[in-house]
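Everything below concerns the one structure shown next.
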Amino acid sequence: MFHSINTKPIHIGDRSSVYIAKQGSEFFALKVSPEIAWKNEMKVYQSLQNNKFNRIQYVISSGEIPEGFKVHNKLHKFYILTRYNNLRDVNAWLGRIPGITEAMRFKAARETLLALKELHLLGFVSRDVKLENFGVHITKDHRLNFCIYDLELSQKYIDIETRELTVRKPIKGHGTTEYAPLVQMNGSRPTFPVDDVEGWFYCLYHIFCNSVPWNRYTPEPEFNISNEKYSEKYLWIRGAKREMQRTGKIYCAKKYDCLMSAIFKVILKWLKTPELVEVRFYDESHMSRVGFICLWWTLNKFCFCCSIRVFSLFNAIAGKITCIELVNFMCHSSLTLNFDVDKYNCCYIIGPNGSGKSALFAALNIGLGGAGRSNERGKRINDYIKENENYSLIRIHISNEGPNMIPDYGDVIIVERRITHKTSTVTIKSRVIEDGKEEIVGKRRELELILQQFNIDLENPLSWLSQDRARQFLQSMKPQRLYELYKKSSEMDGAEDLFRNIDSLFDELTRVVKSMDKEKSAKESKYLQMKARFDAVNQLTNKKVTIQRLYWYQLWAPVRDRKNEIEELERKLQINENKKDEQAVKKDEFIKAIDEINKKQKDCEKELDIASSKFRSHNENLNELKRKSRELNFDQHDLNDKVKRKQWNLHLLDNQLQKANKELQDLVGSSGHDPESDRNNLNEKLSQLADQMKATELEQKSLYNELNSAEVDYQNLKRNFKENSDQYSLLERSRTRIIEEKTLFEQSKADKLAIFGRDVPRLIGLIENNINLFKKRPIGPVGNYIKLKDKKWANPIEYCLRNMIGTFLCDSSDDRKALDGLCSSIQIRKPNVITTEFVNQKYDLFGREPPNEFPTIARILDVDNPTVFNYILDKVRAEGVLLFEKDIDARNVMYPKPPQNAFKAITLACSEVNPQRGSRPYQYFRDTTNFKARVLDSNFMSSNLNDFNEQLEQLTNTLELKSVEVQESKFSFQTIENKINNLRQKKSQTEARLNGLNEKKYEIEEELNKLEDMSLSEDKITNLRSSIRESETERNNLHIKLTELEQLLSEKTEKVTETESKIEASKRELII
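Under the UniProt record's numbering, the first residue of the sequence shown is numbered 1, with each subsequent residue one higher.
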């Protein structure tokens, strides 16, 4: 791996450096760091081994760097190898993609927070939370994976098993300045997860604002914390955070005030209990609220719909009415009513008639600028003053904390309306909760802006619905009235007027733009001319200055050039003088060396002449020795060949003698018998064996005949037994079918739906009783919706649809689960259920049916329900199934060329004919079950119970008779089977006896042949003895010659060895 690493790092830092490595098509990141930082980071990765977290960077390997690998910092001696994130970090990813969507920014915010959550669940805090420490990787299936890494400053703050805090005192190091929490920068206390979350808040700010407000390189122009001057940027960033947390005031760009204010309110709240992180902040179900924060800030719309989700996270929502004060208003002389908005989102006011509930409701409306007629309690505003009083006062307190707050006001906005018999005034006051002072900040004009900011519209029924309006609305629930209310609440009428005004204004602007285009063109041409003249004047001035400077250069250029030439010549002359001296010294040294070499050459020539004479004499002696050695080697090879030939001849003679002696011994041993008597005995035994074999063959032939006759009887009895058994099985199935039909008939008499199954009536009743469990009532059973136009086709159609007669249809998977649950609740067998979308229209069969001359199942069916009809078509292709009365007609029509759009044919006898389609061959299936329709045939329900009993009694008697026949045929069949087995056993024994006689006959014939050969043995004995004596004499002679040759060979070998030793000695002497 280390040999494929790019030696140029992509990141160089004091604490670590990062290199890129490639292996195959995969890229890896190699991070090198000092031992302390490496150990600190490995604590996190080692804790990760037994946990299934996927948002913490996975480590492939780690350890000490090999000696051959060079790093830029010698202190970096340990490495961590991980997968390379192909999109780098979140900061680089956001900056690389132009126009990134709000959804992608929300995903980045959510994934980085969840990565922090996994780190905290391991018991560690990061202490360096920033966008550069969150990696982004795009997978092969184009999914974004986020992970946290670079955990050099991480610290274990809690023991996961015991839940005891392991951190006691703060440690040095605060991470990146812009994202570091204030407690880490001050070192005031140990770090807890809440401080990591504070750093994540600044990351959130960066994600949606593209930078933090106190960027140390490019700070915002509005950044001004105090008159204090800081010598380092680190110090004034820390000072800004300290002042913001101490005073609660925001010192950054105005456009970011609202989001930063919400962030610091959460930070200040959590600083009270730093050991705990609010669990709800990590709850994924609340993560969408963070998305609403980001969306609200980015769009810069103070939408109430968004705000109510935003502020639920921070426990502070701007725009809530916290208190109302009434003085001399209707029936109230003095009333102060506080609402606990921190604890409750909705308040109910109850009391008897006349207690002032409606007066309180009217006061809210009038206090927020409503007219007197809006509350149906009076036509003028002064009608709401209490009797015998001169004025009335309404004070409404509105919260102004959290996002969507109005920055120019305090924590509470007070709307005060004073009503007299002649006038009414509105005063807007602001109050800060800490000091309690009220300050007048505006009049009625500001009230309209406040209502618009908090999205309060008193004329909209959705925002404000009085009692009389509610009563009228409930009494007249007509569509026309509802539509008028919808148009009024959605402000569609105003929108139409606004669109018309926009159209007219757009047309006017278009005319203005067209008229201005001409002036623009003229002014542009004039501007270009003036700019060209201005550029020409500037160029002229600059060129004059340049010319003056060049004149001076021209005057001094020849002097400069000559001076440079002289200096260059002097430098070259000095170099040549130095080279000349060096070459003279080298020349003298070379002459001395040549004289010494000449002297050595003469001495070597004398020694060479002496050595040459010695070499020639030794060379002549050596050549003579080599010649003698070659001659001795030739003689030695000849003697070796002669010895081998003699040894081979001796070996052949020994083999011939052994073979002759053995043959002689065999002949001498067999010559002591009487051949004639032996031949007579063998002929007598052979005749006896011939008689026995003839008798055995006759017995075998008789067994063959008897066995063939028995096998014929066996096949006939076997066929008879099978026919009787088949007939008995058919009768038994008929009896079972009649019993089932009788039971079904009895159940159907009680309830017609029982014909589809015993539990179907109970299931139908259960569906009706629990109809609210279903989005749409299930349809079923399917057979209950099927009728026929012609009853004669009941048998073939029901035979074709037999598997779907009792099926139920559900519109959705939820309805199917509900139906299965009902069946399980009463422990009945679940019917066949199909999920299909319910429709209101049948399929259009135009162009999909066969010619009209052929009846089909679809043409005979009479189904009103479109869903059931379409289901039948999808299941069996009923529009293409032809109906025929006779099998022969169906076969003739479907073969060889079936009608167009014909799928298959079925006859009254329920036989099927499938035409040839592609690779599928032509097929004909005849029904042998004698199928009878039950559901679609009305004759079944009109039957009589006595008919079933008579058929059952008749079949029972027939079965008893047929059972006797089956037992008789079975007994006959088994008897003949036993007889055949005995005959086969006797046949095997006879064949074995006959084979034994044949073997004895062969042995006797072999002995007769041997007696014939023995008559020639005497002559062979005499010849063999004479040849043996001759061979022994020849062998003795060969032994003598072989001894002489071996002695001669040993002498030659000694001479060869002596000659070779002389040659080696001569060679050594020559070398010396």
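Where a beta carbon is used, it is the ideal one built from N, C-alpha and C, also for glycine.
As assigned by DSSP and simplified to three states, the class of residue i
i, result
"Lys842", "coil"
"Leu809", "strand"
"Asn338", "strand"
"Tyr45", "helix"
"Gly63", "strand"
"Asn224", "Any reading at Asn224 must be qualified, since the residue scores a pLDDT of 43, below 50, and its modelled position is unreliable; the value itself is stated next. Asn224: coil per DSSP, three-state reduction."
"Ala905", "strand"
"Gln923", "strand"
"Gln916", "coil"
"Glu965", "helix"
"Ala522", "helix"
"Val881", "strand"
"Leu30", "strand"
"His1039", "helix"
"Asn353", "coil"
"Gly135", "strand"
Rounded C-alpha distance that separates residue i from residue j
i, j, result
"Lys107", "Glu459", "39 Å"
"Lys572", "Gln548", "36 Å"
"Thr82", "Tyr58", "6 Å"
"Glu837", "Gln46", "54 Å"
"Asp457", "Tyr486", "15 Å"
"Ala363", "His397", "13 Å"
"Ile597", "Cys604", "11 Å"
"Lys143", "Leu131", "The sequence shown places Arg at residue 143, rather than the Lys named in the question. Distance between the alpha carbons of Arg143 and Leu131: 19 Å."
"Arg719", "Ser963", "16 Å"
"Ile805", "Ser919", "32 Å"
"Gln841", "Ala858", "15 Å"
"Asn852", "Lys904", "16 Å"
"Lys514", "Gln539", "37 Å"
"Lys701", "Asn724", "35 Å"
"His72", "Ile317", "54 Å"
"Arg431", "Val341", "18 Å"
"Arg15", "Gly410", "46 Å"
"Asn892", "Gln923", "12 Å"
"Gly765", "Asn345", "45 Å"
"Ser1061", "Gln658", "47 Å"
"His76", "Ala92", "25 Å"
"Asp497", "Met477", "27 Å"
"Gln475", "Leu482", "11 Å"
"Ile575", "Asn564", "17 Å"
Residue j beta carbon less than 8 Å from that of residue i
i, j, result
"Ile413", "Asn400", "yes"
"Ile419", "Asn390", "no"
"Gly135", "Asn85", "yes"
"Phe329", "Ser392", "yes"
"residue 1080", "Ile158", "Within the shown structure, residues of the chain are numbered from 1 to 1072, placing residue 1080 beyond reach of any answer."
"Ala878", "Thr907", "no"
"Ala902", "Leu883", "no"
"Thr191", "Arg88", "no"
"Leu650", "Leu1042", "yes"
"Glu711", "Ile980", "yes"
"Ala115", "Ile56", "yes"
"Val44", "Leu151", "yes"
"Ala109", "Ile207", "yes"
Residues of its chain near residue i, where Cβ-Cβ distance is below 8 Å and the 5 sequence neighbours each way are ignored
i, result
"Val839", "Pro866, Thr867 and Asn870"
"Thr322", "Asn338, Phe339, Val341, His397, Ile398, Ser399 and Val412"
"Pro193", "Leu116, His120, Val125, Tyr157 and Val277"
"Asn640", "Leu1049"
Contacts around residue i, its chain only, beta-carbon distance under 6 Å, and the 5 residues preceding and following it disregarded
i, result
"Ser231", "Low per-residue confidence applies at Ser231: pLDDT is 39, beneath 50, and the placement is therefore not dependable, though the value from the model is reported in the following sentence. Cβ within range, chain order: n/a, list empty."
Close-in-space but distant-in-sequence residues of the same chain around residue i (CB under 7 Å, 5 per side omitted)
i, result
"Tyr179", "Val129, Lys130, Gly199, Tyr202 and Cys203"
"Leu276", "Note on Leu276: pLDDT 48, under 50, position unreliable in the model; no value is reported."
"Asn633", "Val1056"
Starting from the N-terminal side, write out each stretch of the beta strand (DSSP E) that is 3 residues or longer and does not extend beyond the stretch 386-451. 391-399, 412-420, 424-431 and 438-442
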